[in-house]
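K.L.:
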Amino acid sequence: MGLDIVCSDGATVYAPFDVTLHGRAIPYKKNNAINNGLNLKGQGLCFKLFYMKPDKVTGTVKKGQKIGTLLPMQKVYPGITSHIHVQMYDKSDPTKYF
């Protein structure tokens, strides 16, 4: 279960709230052009953002601060709606937090 937030390839990705960065989140075992992401913790939540290139993978950031760039989804899946995928660590639905 997760949430897809529509955005354009190359779009700036911002912190949804004050968070601590906890390393890369790798969605696939196979290496491809969109196999990157970020683990985040904040507001009592633990979640992952997939299909983005993080600016950094540790430290703290404030809500609205740039944390990365959306990777080129169209190169891997032509015709797909480009998006950031949000996944909670506990696999619950993240929609109410976004």
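Numbering (the working numbering), first residue to last: 3 to 100.
Where is the CB? At the ideal position from N, CA and C, for every residue including glycine.
Please read all numbers here as calculations on a predicted model, not as lab measurements.
1. Examine chain D for any beta-carbon lying closer than 8 Å to the beta-carbon of N41, and answer yes or no.
2. What separation, rounded to the nearest whole angstrom, lies between the Cα atoms of I86 and K98?
3. List the residues that DSSP assigns as beta-bridge partners of K50.
4. Excluding five sequence neighbours on each side, which residues of the same chain lie with their C-beta closer than 7 Å to the C-beta of D57?
5. Which two residues bound the contiguous beta strand (DSSP E) that contains K68?
6. Judging by CA-CA distance, which residue of D6, G4, D11 and I7 is the nearest neighbour of Q76?
7. Tell me which residues share the same chain as L5 and place their Cβ nearer than 7 Å to its Cβ, disregarding the 5 neighbours each side in the sequence.
8. At the level of alpha carbons, what is the spacing between I36 and A13?
9. With DSSP collapsed to three states, give me the class of V21.
P.N.:
Considering the structure as presented:
1. Absence of chain D from the displayed structure is noted, only one protein chain being present.
2. Distance between the alpha carbons of I86 and K98: 16 Å.
3. Residue pairing by DSSP places K50 opposite N41 and Q89 in a beta bridge.
4. The beta carbon of D57 sits closer than 7 Å to those of K68, I69 and G70, all from its chain and outside the five residues before and after it, given in chain order.
5. Secondary structure note for K68: its beta strand (DSSP E) is the uninterrupted segment K68 to L72.
6. Taking only the C-alpha atoms, the option nearest Q76 is D11.
7. If we look at L5 and ignore the five residues flanking it on each side, its Cβ neighbours are V88, P96, T97 and F100.
8. Roughly 14 Å between the two C-alpha positions.
9. Secondary structure at V21: strand, using DSSP grouped into helix, strand and coil.
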